[in-house]
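Notes follow once the structure below has been shown.
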Amino acid sequence: MQVQPESGCLIDPHGRHIRKLRVSLLDACNFRCFYCMPLETSFMPVTQLLTPGEIERICKSLVHLGIERIRVTGGEPTLRKDFEEIMSRLGKLPLDQLGVTSNGLRLKGHLEHLWSIGCHNLNFSLDSLQEERFERITFSKGFRTVLDTILAARSMGFNVKINTLLLKGKNDDEILDFVRFSAQEGIEVRFLELMKIGIASNGQKGLFMSADEAIDIISKRELLIPEEVELDSTSTAFRAESGARIGFIASESRPFCGHCSRLRLTADGQLRSCLMAPGGCSIRRVPEEHLKEVVCQVIAQKPMERNPSTLTRMNQIGG
Ligand code: SAM
Ligand code: SF4
């Protein structure tokens, strides 16, 4: 079925209102989180990456069609030399939210700039509160820098969230430490389930931990009070008695496809309707007058049921 956006509104054939866009700036990263990418790997040639002008043009058109929120990601978005230029361009679009997802190692020097252009939503990935363990998971140094940056962003008034991947036998003994950290620092921590994607597509046997298992661990210590979230939120949210704000992104055990409102733009300009679905449609050279038609074709293919796994890596699509 062909969908037509009406009055700038993207509605897919299942009635889902598509309003969020993930923009990947590149697939390269300065970390090597063991579940995300191998130590030895190659990345897209820089010449293949969308330029700041292309990113601005595509995003502007998509905003015109109905996108309300943009989150910039990668790979590690701060590795782009033109990161600030791209963010400044996106900051001029009429969005209700602009955000960045980052590992935090190189973000501190950009905080003032991000604040000034109206990008106030920062998600940091942090899988351990222990320095040595952080290094073992990410194959990188820089734990203190990441932590300082998270706290500096919180102090500046950014809406900060920490994303922590649940990894059985690797960091599940830190779940309560993260809850305490959330209460102490006033920062929301969201626990993510390991998805069968990229090098984790075989499930990385034994590593998977469900949101329910984590909820059980926390509930033995304190009451978790459910909080309301938007219908298209990927996360369920709770407030703990201690004041901690805890979320769960249960992509595997409770897929949220039925309410998904996301499109993804890869670093080389593929528009994808789903993280798990194969392929996308290159839109970098689509003339303005045909863009609406192509976007409609992409969202018409947005699945309602989740593919169980994909070999394409998270950093290649934009996580
Ligand atoms: N480099 C940035 C970062 O780490 O925040 C942005 C890109 S990274 C791919 C985005 C998120 O994807 C991270 O929070 C990471 O933990 C998550 N991720 C990577 N592989 C995953 C997997 N197999 N299952 C679930 N989340 C995954
Ligand atoms: Fe890099 Fe993010 Fe993947 Fe870790 S999860 S390797 S920080 S892209």
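Per this note's numbering, the very first residue in the sequence shown carries number 31; after that it's consecutive.
Even glycine gets a Cβ: it sits at the ideal position worked out from N, Cα and C.
Quick caveat: nothing in here was measured; it's all calculated off a predicted structure.
Residue i (DSSP reduced to helix, strand or coil)
| i | result |
| --- | --- |
| Met31 | Residue placement at Met31 is poorly supported in this model, since its pLDDT is 40, which falls under 50; the coordinates are not used for a value here. |
| Thr340 | strand |
| Arg180 | It is Ile, not Arg, that sits at residue 180 in the sequence shown. In this structure, Ile180 counts as helix in the three-state DSSP scheme. |
| Pro256 | strand |
| Asp203 | helix |
| Ile227 | strand |
| His94 | helix |
| Arg294 | strand |
| Leu40 | strand |
| Leu125 | coil |
| Glu215 | helix |
| Asn60 | coil |
Distance cut-off 8 Å: residue i Cβ against heavy atoms of the ligand FMN
| i | result |
| --- | --- |
| Glu223 | Although the ligand FMN was asked about, the structure shown includes only the ligand SAM and the ligand SF4 as ligands. |
Best match in the options for proximity to residue i [C-alpha to C-alpha]
| i | options | result |
| --- | --- | --- |
| Glu258 | Asp246, Ala241, Ile248, Ile276 | Ile276 |
| Phe188 | Ser72, Asp262, Ile217 | Ile217 |
| Leu56 | Ile85, Cys63, Pro68, Val328 | Ile85 |
| Gln214 | Gly228, Arg184, Leu222 | Arg184 |
| Ser212 | Leu224, Gly273, Ala267 | Gly273 |
| Leu120 | Gly105, Glu161, Glu98 | Glu98 |
| Pro317 | Arg87, Val76, Gly45, Gly233 | Arg87 |
| Asn133 | Thr168, His44, Cys311 | Thr168 |
| Ser146 | Arg284, Thr131, Glu114 | Glu114 |
| Asn151 | Thr103, Met344, Lys171 | Thr103 |
Any non-hydrogen atom of the ligand SAM within 8 Å of residue i CB
| i | result |
| --- | --- |
| Leu144 | no |
| Asn153 | yes |
| Leu321 | no |
| Leu177 | no |
| Thr71 | no |
| Ala280 | no |
| Ile227 | yes |
| Ala230 | yes |
| Thr264 | no |
| Asp157 | yes |
Residue(s) in a DSSP beta bridge with residue i
| i | result |
| --- | --- |
| Val328 | For Val328, which the question treats as bridged, DSSP gives no partner whatsoever. |
| Cys304 | Answer by DSSP bridge pairing: none, since Cys304 is not bridged. |
| Val76 | None, per the DSSP bridge assignment. |
| Cys311 | Leu301 |
| Arg269 | Ile255, Arg275 |
| Thr103 | Ser54 |
query: Can you list, in chain order, every residue whose CB sits closer than 7 Å to a heavy atom of the ligand SF4?
result: Those residues whose C-beta sits under 7 Å from the nearest heavy atom of the ligand SF4 are, from N- to C-terminal order along the chain, Cys59, Phe61, Arg62, Cys63, Cys66, Met67, Gly104, Gly105, Glu106, Asn133, Ser155, Thr168, Met344, Asn345, Gly349.
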